[in-house]
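Worksheet: one structure, shown below.
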Amino acid sequence: MTHADSGADQESTLTVVLAFGANLAIALAKSVAAALTGSASMVAEATHSWADTGNEVLLLIANRRSRHAPDRAHPLGFGREAYIWSMFAALGLFALGAGVSITHGIQELVHPEPATDYGIAYAVLGISFVLEAISFRQAYTQVRGEAAAADRDLLEQALHTSDPTVRAVFAEDAAALIGLVIAFAGVLLHQVTGSPVPDAIGSILVGVLLGVIAVILIDRNRRFLVGEEASPQLRNAGLRALLDLPEVERVTMLRMEYLGPRQVYLVGAVDLVGDSAEHTVAEQLDRCERALERHPNIRKAVLSLSTPGDPALTPDAPLPSGEGNPRPV
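Quick note on my numbering: the sequence shown kicks off at 100 and runs consecutively.
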C-alpha cells in the first residue's frame, strides 16, 4: 500500500545532504565573486545560495524530528514536524532570499555602481550551474521515481508529495538553475551595455522568482499542517488492504489523512463477516486495526461497524459525497 519505496526516507536524507553540500560550496564561491565584481546579480545569487544552505539545515531537522517514534503524549507520532520545519525554511527563503535580492536590486537602480572582473562572475556562475545541476538531478530522480509509483506526472508529484523536504529541494534547485541563467544574462548585459540597470533588474527578477517558489512551498506546508487527504492511489490501496482482511466483508467508509511524510491516519467503517457476538466483534475490529498498523505507511487505524444500508466502497470508484474532505481527528 505504499506510494514510495521502503528506502524513501533514506533517499530523502541523501537528497537534502547533497543539496546542502552543493549550496554551501556555491554560496562561498558566489560571495567571493560578488565582492570582487560588485555585480548586483551576483549579490542576489550569493544571498539565494546562503538562504538555500540554511534551508537545507532546517530540512535535515525536519527529516530527523518527523521520524521520532510515538510516545504517550504524542500517540500519532511526530510526522507533522516535517511540515513545521519546512515551513520555517520556506519563510526564510521568502524573507532572506527574495527580500534581500529585490531590495539590493532596487538599491542598485537608485544608486548604480559599475561592475568589474566579469570573467570571475562567469566562471563562478558556470561552476555553480554544474553543482546545482548535480543536486537537482538527485531530487529529480527521486521525484520521478515516486511519480511513477503514484501514477502522477513529475510536477504533480513535486507539488503533492507528502515529503516536504523532497519538494523543497526540487523547487529550490529548479529555481536556482533558472536564477543562474537570469544572473548570467544580467552580468552579460551589464558588460555589453556598460549600464548596471540590466544587472539590477536581474537581481530583482531572481528575488521575484524566489518569492514565488517560497509562497508555493508555504502554501503546501500549510495544507498538510491543516490536514491533507491521502492521494486517490493511496486511498485505493488502503481500501484493498481492508478488503483483503479475512474478517472484513465490505467497507462503507474510508478516510485517510497524512500525519507526516508517507504516514497516514486511517479511519473506516466496515461490515464484518458473519454475525458475531458483541465482544467478539470488538476483538475482530482490534485485530483488523493491528494488522493495518503493521504496514509502514499507516501510523494509526480506527475502525467501526458500518450502518445497515450504507453502500459498499469499491477500489477505483469515485468518492461518495462528503468523503473527499476528511477532517483532523
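Think of the CB as a built atom: it goes at the ideal place given N, C-alpha and C, for glycine as much as any other residue. Note that this is a predicted model, so its numbers are computed, not measured.
Test item: CB-CB of residue i and residue j under 9 Å
i, j, result
"S148", "N122", "yes"
"P196", "A150", "The question names Pro, yet the displayed sequence has Gly at residue 196. Cβ atoms of G196 and A150: closer than 9 Å."
"G359", "G176", "yes"
"E346", "L365", "no"
"G341", "L391", "In the sequence on display, residue 341 carries Leu and not Gly. Cβ atoms of L341 and L391: closer than 9 Å."
"T136", "T215", "yes"
"L158", "W184", "yes"
"R349", "A247", "no"
"A232", "V242", "no"
"A249", "D272", "no"
Same chain, Cβ closer than 7 Å to residue i, five either side skipped, listed in chain order
i, result
"Q290", "Y217"
"K129", "M141, E144, A145, S148, V223 and S227"
"G423", "Caution applies to G423, whose pLDDT of 40 falls short of 50 and renders its modelled position unreliable; the value that the coordinates give is listed next. Correct list, in chain order: E328."
"A274", "L308, L309 and I312"
Environment of residue i [buried if 16+ CB atoms lie within 10 Å]
i, result
"R354", "buried"
"L230", "buried"
"D170", "exposed"
"A299", "buried"
"H109", "Checking the sequence shown, residue 109 turns out to be Gln, not His. Classification of Q109: exposed, given that the 10 Å Cβ count is below 16."
"V199", "buried"
Cβ shell of residue i (< 8 Å), same chain only, five flanking positions each side left out
i, result
"A133", "M141, V142, E144 and A145"
"F323", "R179, Y182, S261, P263 and Y357"
"I317", "M186, A189, L190 and F193"
"V363", "A329, L333, G337, M355, E356, Y357, N396, I397 and R398"
"R236", "none"
Residues near residue i in its chain [Cβ-Cβ closer than 6 Å; skip 5 each side]
i, result
"I303", "I201 and G204"
"A118", "E155, S234 and V268"
"L402", "G367, V369, L384, C387 and E388"
Distance between beta carbons of residue j and residue i, contact taken as under 8 Å
i, j, result
"V296", "A220", "Not confirmed; about 17 Å, so no contact."
"A282", "G301", "6 Å"
"V265", "T114", "6 Å"
"S375", "H259", "With a Cβ gap of about 40 Å, S375 and H259 do not count as contacting."
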